[in-house]
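For reference, the structure discussed in these notes is given below.
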Ligand code: PMV
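Residue numbers (the working numbering): 32 to 358.
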């Protein structure tokens with residue numbers, strides 16, 4: 032084995048403040064609307080890719096176990112895209128592990144495909160720009176485009192593959208927000224986001240959500256750059272509610288909320304009225320991401336841990352970019 036054909040990379044998941052839901056082009060994963068997120072520090076996927084000439088198929092080891100099912104096919108399809116676009120030869124062994132649970136609304140696919148893209152291209156001896164890496168990661172999972180750059184990240188819609196990429200709008204230290212995640216279910220979600228993106232357009236509300244997205248993004252971006260929590264909280268909760276309204280009114284409908292989810296959302300609003308700088312946002316799952324300022328994070332963590340239905344609380348600050356790890 033040629034050691035220069037192996038590389039390891041780490042990437043953080045991200046939580047979207049302005050959501051990506053639905054594609055303008057499913058094949059290229061060109062999104063219906065622009066989105067904005069923050070990377071989650073402390074949570075990561077670490078992936079090692081080794082390109083080999085002696086294999087006749089790609090091989091995946093996921094969290095220590097060999098996988099030949101759907102996850103392996105999706106990884107292999109992404110490697111096909113990289114092989115085709117970058118002229119990489121051979122098949123690969125891929126070892127990937129997360130330090131957080133998969134399929135529960137903490138976006139494991141974003142971190143996975145960002146780490147896979149960086150490791151696979153590095154292992155092939157390529158040094159790509161952040162923009163190129165972001166466009167390529169997007170082909171594996173849309174939100175993975177946002178896990179390549181660091182800190183607070185905006186994903187531009189774009190009309191072509193090359194134009195649809197994400198970039199930082201502020202570095203992690205610009206504003207010390209914290210995501211305090213209330214885990215209400217550790218079960219793997221029944222309907223994944225890939226399927227959800229395809230049904231989004233069946234909701235009568237999707238067109239209205241998409242039309243307003245650029246305006247909400249501008250409001251959210253300005254609030255981050257001004258460190259204005261009140262404006263930030265309002266637009267983030269509104270955007271999350273809009274996405275879930277689309278999900279619930281799609282055909283067939285998608286209900287990700289559990290009773291505990293709604294109770295936490297109400298509690299978070301009450302805490303904000305009582306003076307804490309905290310708001311909620313939810314991805315395609317029942318767990319509630321409570322975004323707050325650093326000074327209030329411990330109080331929010333304790334408050335969430337005391338609520339019935341909360342199985343676990345995870346705390347993540349703002350994370351940096353996807354990075355290579357020496358191996
Ligand atoms: O990248 P995907 O296909 O897993 O889509 C992510 C969709 C949401 O997490 C629900 C929203 C977002 O913008 O991250």
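Ideal Cβ positions, reconstructed from N, Cα and C, are used throughout, including at glycine.
Judged by their CB atoms, residue 209 and residue 310 are not nearer to each other than the 8 Å cut-off. Residue 322 is bridged by DSSP to 210 and 310. The closest CA to that of residue 78, considering only 51, 306 and 92, is found on 92.
In the DSSP annotation of this structure, residue 280 is not part of any beta strand (DSSP E), being labelled neither H nor E. In chain order, the residues positioned with their C-beta nearer than 7 Å to some heavy atom of ligand 1 are 45, 47, 50, 51, 52, 66, 68, 138, 140, 141, 172, 173, 174, 175, 224, 225, 228, 274, 314 and 315. Secondary structure of residue 272 (DSSP, three-state): helix. In terms of Cα proximity to residue 296, the closest of 287, 277 and 319 is 319.
Residue 284 sits exposed, since fewer than 16 C-beta atoms from the chains shown fall within 10 Å of its C-beta.
In this structure residue 226 is exposed. Its beta-carbon is surrounded by fewer than 16 other beta-carbon atoms within 10 angstroms.
A contact is defined here as three or more CB-CB pairs under 8 Å, and the segment 51 to 65 fails this definition with respect to the segment 140 to 155. Sixteen is the threshold: when 16 or more other Cβ atoms of the shown chains lie within 10 Å of the Cβ of residue 185, as they do, the residue is buried.
The continuous beta strand (DSSP E) containing residue 67 extends over residues 66 to 70.
Within its own chain, the residues whose Cβ lies closer than 7 Å to the Cβ of residue 232, once the five positions on either side in sequence are excluded, are 53, listed in chain order. The beta-carbon distance between residue 277 and residue 236, rounded to whole angstroms, is 5 Å. This is short enough to meet the 8 Å contact definition.
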